[in-house]
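Counted the way the numbering used here counts, the sequence shown spans residues 116 to 321. Built from N, CA and C at the ideal position, the CB exists for glycine as well.
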Amino acid sequence: MSEDQIDDGARNAVQGEKALDRLVAFSDAVVAIAITLVVLPLVDKAMDAESASAFFADNVTGMISAALSFVVIAAFWRANHVMFVHARGYNRLVGRLQTLWLATIVFLPVATALDLAGPGTDRVGLGAYVGTMLVGGVILRVQAVALQRAGLSDRAPAPPLTHWIGTILMALALALVLLFPQYGALWLLVLLLEIPLGPLLSRRPR
């Protein structure tokens, strides 16, 4: 056997269910910490506020951003969890992608803090905020495809457009926050379009 064949085998080496369980447990811990850190910038502002009414009046946009970050991280965690529930193991590519995905989850509270540092309409802060979500979403979908192609998932593959509709909408939201930052994170509401579009795109012509 040549060295190239050995290297190819190492790259494609499959980790079993026990290793997968450890990866999932580690990922759950990282997500739990990240989702808690999302609200810390608001805690600091609450401690400095003159009154509760002043805090709520001055931080409406920030609270919306934090709430959206919480929901997005929870949605990402659920999608990641469901993906691995259907997996029988993972290969090196999926493991590396998982590390990158966790990096986006860890950075999301930082991106949220950047957004909260200003009035919520800063183009750079919004770009980092929504861009981080976009990268995380892309990685999740690439992982799912990698598991299916490696024969490590018993989940039936979705039609391509259905599989990528969430990422497409996130890319649209990123473009909108960069073009029209005055509306802040409210542009993320376009992600709700996935609710009606997902089932619609999943319908196969008879």
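Quick one: is Ala181 buried, meaning 16 or more other Cβ sit within 10 Å of its Cβ, or exposed? Residue environment: Ala181 is assigned as buried (16 or more neighbouring CB atoms within 10 Å of its CB, all protein chains considered).
Is the number of C-beta pairs between the segment 250 to 265 and the segment 208 to 223 that are closer than 8 Å three or more? Short answer: they touch.
Check whether the Cβ atoms of Ile220 and Val153 lie closer than 8 Å to each other. In this structure, Val153 does not lie closer than 8 Å to Ile220 by Cβ.
Would you mind stating whether Ile188 and Leu138 have Cβ atoms separated by less than 8 Å? The answer is no: Cβ separation not under 8 Å.
Have a look at Leu291 and Gly266 and give me their C-alpha separation to the nearest angstrom. Rounded to the nearest angstrom, the two C-alpha atoms are 38 Å apart.
Looking only at its own chain, which residues have a Cβ that is under 8 Å from the Cβ of Leu287, when we skip the five neighbours before and after it? These residues qualify, in order along the chain: Val305.
Taking the alpha carbon of Ala226 as the point to measure from, which residue in Ser184, Gly313, Arg207 has its own alpha carbon closest? Taking only the C-alpha atoms, the option nearest Ala226 is Ser184.
Using CA coordinates, which residue listed in Gln297, Pro296, Gly313 is at the minimum distance from Ile279? Here residue 279 is Trp; the residue named in the question, Ile, does not match the sequence. For Trp279, the nearest C-alpha among the options comes from Gly313.
Please go through the same chain and pick out, in chain order, the residues whose beta-carbon is closer than 6 Å to the beta-carbon of Arg203, but skip the five residues on each side of it. These residues qualify, in order along the chain: Leu267.
Val250, enclosing alpha helix (DSSP H) - first and last residue: Per DSSP, the unbroken alpha helix (DSSP H) holding Val250 starts and ends at 238 to 264.
Would you give the residue range spanned by the alpha helix (DSSP H) that His278 belongs to? Start and end: 275 to 294.
According to DSSP, is Asn174 part of a helix, a strand, or is it coil? Coil.
Rounded separation between Glu132 and Leu293 - CA only: Distance between the alpha carbons of Glu132 and Leu293 is about 42 Å.
Apart from the five residues on each side of it in sequence, which residues of its chain come closer than 7 Å, Cβ to Cβ, to Val372? Past the edges of the chain, shown from 116 to 321, lies residue 372, and the structure says nothing about it.
Short Cβ contact (8 Å threshold) for Val245 with Leu303: Between Val245 and Leu303, the C-beta spacing is below 8 Å.
Does the distance from the CB of Leu157 to the CB of Asn174 come in under 8 Å? Result yes, Cβ atoms of Leu157 and Asn174 sit closer than 8 Å.
Coil, strand or helix - Val153 by DSSP: Val153: coil per DSSP, three-state reduction.
Taking the C-alpha atoms as reference points, what is the distance between Leu229 and His196? Using only the alpha carbons, I get a separation of about 28 Å.
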